[in-house]
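Asker:
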Amino acid sequence: MASQQPALAVLVRGPDGFTVWSGPPYPSGSSPPQRLPKTPCSATSFSSDGSRLLATVASASATVYDCSSLSVIRTFELPGLTAAALSPTGSFLQTFQKSSSPQVKNVTVWHVDTATALYQHYQKNMSKATWPMVQFSVDESVACRMMTNEMQFFDPKDFTKGIVYRVRMPGIAAMQLASAPGSHVAGFIPEAKGIPASVQIFSCDKDAQNQVIARRSFFRCSTVQFHWNKGSTGLLVVSQADVDKTNQSYYGETKLHYLTTDRAFEGTVPLKKEGPVHDVQWSSSGSEFAVVYGFMPARATIFNKKCNPLLELGDGPYNTIRWNPKGRFIVIAGFGNLPGDMAFWDYSEKKLVGKTKAEWSVTSEWSPDGRHFMTATTAPRLQIDNGIKIFDHNGSLQFKKMFEKLYQVDWKPEAPERFGDIADLTTSLNNITIDETKKSGSAQGSKSAPASSKAPVNTAAKPTGAYRPPQSKNTLAVQEQLFGGLAPTGGEMSKTALRNKKRREKQKEKKAGEGSSANDS
C-alpha cells in the first residue's frame, strides 16, 4: 500500500501571506510544520493535478512555484493583475489585468515553461462564474471559451492558430466544458420574451460541431450551475429563478435537471420534497450523485445515473454535501446561516458513522486520501472566529487552530488513486472506543460501557444555540450591535461584547442609584 501522509499538504492564507503545512495527522497541542515561510499574496491556486505547480497573485505579479520543492519557477510582472489560474496539468497560466480600453488585451494565456504569451483577448469584466475565461479539459487536449453568441475552440498544442472552430449558440450566457474527458460542452441560454430557457450539449469533436447532442428547455430560469460527472456522460443542471412565484422562498425557485449524452434521460430529477436544491455532487466514479433539497429540515438522497433513488440519508438542517474522493464516505452538513450540524455516512456500508458540529463554517472539503474532512471559517465572509478544524472520516475532531484573520484554506490536490483504501476502520475504531471507555471506567471506579456493534457517533459537540433559518442574514457581529453584545449560546463573549455587557451593568447600577435617591427624597 502506498504511503498516505507524506503526500498530503494544506495551503493556508492569512493577512501576512500564505504558507504550506505538511499534511495531518498533527501531534496534539502542536502547530503543523510549515514547509514554506509566509509569503505575501492576495490569491493562490494549484494546478488541478496538484503534483506540479502552485500560482500566487500579488499586487502586480504572478509567481509560479514547484509543488515538490516549493521553489520559485517563474515570476510574471503584470501591472493591474487581479487574477491568475493554472491549467489542469500546469502547462499554462491564465491571467486577468485591469484594462480601461478594449484596445488593450487584458486576458493572457502564458506558456509557463517559456513565459511566452500564447493568446490574448480583451474582457471587460471578470466574475466567479466566468473565470477562468479559457476552460481546459483534464488532459489539456481541449480548450474553449464563451463569447457573444458562440463557443470558441483552440488547439492547446498551438495557440498561434487562434480559433480553430466555433459552435454557434445565439444568446449564450454560460458554458461548461466536460473535463474528464473533454468530449462534450454545455451551453445555457436564459429565458427571454416568452421563449423558455434552454441547456444544450454539443460534441467537442470538430467534425460534429453545431450538432445538438442533448437539449432541455424550461421556464422560470435566469441562471444555472453545471455539474458534469466523471466520464462526461451525464450533466446535472441546477436552474434558478430570481423570484419564486409560489412565494414559498425568499431566494427564488430552483430545479434540478438531468441530461445524458446518449439521450437516455432528459428531464427533471424526481425529488420527493418541495423546496430549493441546496447542493448536489457526483461520486468519484460518476455512477451516482447526491442531492440535498427541500424546505428545512432538508432531505438528502443518493441517485444512480438512471435517476433512481439508491439511499436516503435522512432529514435535518442541511444545505451542503461532500463526497470523499474515494467514493466511500459522505458528509451532509448545514453551513452558512445554519448551525453547523454534520452527519458522516459510510456509503459502502449504507450506515451513519458519526455526528458532530462545525459552527460558522464557510468552506469544507475532504482530503485527497479521503481520510480527513476540513472545515474553515474565513474572512471576508466572517470577520471573527476565523479558524480551521480537521475531522476524521467518522466525525471525531483531530485538529483545531484559530486565527486573527484567515482568508483561504485548501488541500493540495492529489490523485486519489495514489492512496490506498481505508482498511476495516469500523472495527479498529470500535476497539479504540472500547479501550478508552474501559480506561475511563477504571479511573472513576465505574463499570465499562458495553461494546457497540457500530462505529462511534460523536455527539459531544459544543452547543450552538437556536436554529437559524436561511432567511436570517445576521452574522455574529450584527447580532452584537443589535442585541447589545450577546454571544451565541454556549460560546464565549468577544471583547466588544464583554465591554458592552459591563457598560450596560454600570448604566443599570447608575439608574438604580438615581431611583433610590429619588425615593428617599
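FYI, the numbering for the sequence shown is 1 to 521, going by the UniProt record's numbering. By construction, the Cβ of each residue, glycine as well, lies at the ideal position given by its N, Cα and C atoms.
#1: Do alanine 192 and valine 224 have their CB atoms nearer than 9 Å?
#2: Which of helix, strand or coil does DSSP assign to aspartate 410?
#3: Answer yes if the region 118–134 comes into contact with the region 78–95, meaning at least three C-beta pairs across the two stretches below 8 Å, and no otherwise.
#4: Would you call the CB atoms of asparagine 210 and arginine 168 closer than 9 Å?
#5: Do you know offhand how far phenylalanine 403's Cα is from asparagine 386's?
#6: Looking at glycine 90 and serine 47, is the spacing between their C-beta atoms short of 9 Å?
#7: Compute the Euclidean distance between the alpha carbons of valine 104 and glycine 80, then round it to the nearest angstrom.
#8: Pick helix, strand or coil for threonine 89, following the three-state DSSP scheme.
#9: Pick helix, strand or coil for residue 538, following the three-state DSSP scheme.
#10: According to DSSP, is aspartate 49 part of a helix, a strand, or is it coil?
#11: For lysine 272, count neighbouring C-beta atoms within 10 Å of its own C-beta (all shown protein chains included) and say buried if the count is 16 or more, exposed if not.
#12: Could you give the distance in angstroms between the alpha-carbon of lysine 98 and the alpha-carbon of alanine 208?
#13: Does the beta-carbon of glycine 340 have 16 or more other beta-carbons within 10 angstroms, so that it is buried, or is it exposed?
#14: Let me check one thing: in DSSP terms, what residues is aspartate 315 bridge-paired to?
#15: Just the C-alpha distance for glycine 23 and serine 367, rounded to the nearest angstrom, thanks.
#16: Using 8 Å for Cβ pairs, my map puts lysine 405 next to lysine 389. What's the rounded Cβ distance?
#17: Would you mind sorting glycine 267 into buried or exposed? The rule is 16 or more other CB atoms within 10 Å of its CB.
#18: Tell me whether glutamate 417 sits in a helix, a strand or coil according to DSSP, three-state version.
#19: Just the Cα atoms here: how many angstroms apart are serine 217 and tryptophan 345?
#20: Reducing DSSP to helix, strand and coil, say where asparagine 394 ends up.
#21: How long is the line joining the alpha carbons of leucine 256 and arginine 504, rounded to whole angstroms?
#22: Could you work out which residue in Asp16, Thr116 and Pro102 is closest to aspartate 158 when comparing CA atoms only?
#23: Counting only runs of 3+ residues fully inside the region 26–87, write out the beta strand (DSSP E) ranges in chain order.
#24: For residue 590, which of helix, strand or coil comes out of DSSP?
#25: Using only alpha-carbon positions, find the residue among Ile213, Glu312, Arg418 and Asn304 that is nearest to arginine 263.
#26: Spatial neighbours of leucine 177 within its chain, please: CB distance less than 7 Å, with the 5 preceding and 5 following residues excluded, ordered by chain position.
#27: Please list the terminal residues of the continuous beta strand (DSSP E) segment that includes threonine 130.
#28: To the nearest angstrom, how far is it from the Cα of serine 71 to the Cα of valine 112?
#29: When the distance is taken between beta carbons, is glutamine 34 closer than 9 Å to threonine 19?
#30: Just to confirm my understanding: we take glutamine 152, look at its own chain, exclude 5 residues before and 5 after, and list those with CB closer than 7 Å. What are they?
#31: Can you tell me whether DSSP reads glutamine 383 as helix, strand or coil?
#32: Quick one, are the C-beta atoms of leucine 86 and valine 64 less than 9 Å apart?
#33: Would you report the Cα separation of serine 203 and serine 183, rounded to the nearest angstrom?
#34: In terms of alpha-carbon separation, which member of Gln120, Glu150, Ile73 and Ser127 lies closest to threonine 114?
#35: Quick one: give me the first and last residue of the beta strand (DSSP E) that glutamate 253 is part of.
#36: Identify the continuous beta strand (DSSP E) that holds phenylalanine 202 and give its terminal residues.
Answerer: Looking at the atomic coordinates:
#1: no
#2: strand
#3: yes
#4: Yes, the Cβ-Cβ distance between asparagine 210 and arginine 168 is below 9 Å.
#5: Each residue's alpha carbon lies about 5 Å from the other.
#6: yes
#7: 12 Å
#8: coil
#9: Any property of residue 538 remains undetermined from this structure, which presents the chain solely from 1 to 521.
#10: coil
#11: exposed
#12: 37 Å
#13: buried
#14: Bridge partners of aspartate 315: Arg299.
#15: 9 Å
#16: Taking C-beta atoms under 8 Å as the contact rule, lysine 405 and lysine 389 fail to qualify, at a distance of about 17 Å.
#17: exposed
#18: Under the three-state reduction of DSSP output, glutamate 417 falls in the helix class.
#19: Taking the straight line joining both Cα atoms gives about 35 Å.
#20: coil
#21: 50 Å
#22: Thr116
#23: For the region 26–87, the full-length beta strand (DSSP E) segments reaching 3 residues or more read 43–46, 53–57, 61–66, 72–77 and 81–86 along the chain.
#24: Absent from the model: residue 590. The displayed extent of the chain is 1 to 521, so no value can be given.
#25: For the residues Ile213, Glu312, Arg418 and Asn304, the minimum Cα distance to arginine 263 belongs to Ile213.
#26: Gln135, Ser137, Val142, Cys144 and Val185
#27: Unbroken run through threonine 130: none, as it is neither H nor E.
#28: 14 Å
#29: yes
#30: Cys144, Arg145, Ile163 and Arg166
#31: coil
#32: yes
#33: Rounded to the nearest angstrom, the two C-alpha atoms are 6 Å apart.
#34: If we check each option's Cα against that of threonine 114, Ile73 comes out closest.
#35: 253–260
#36: 197–203
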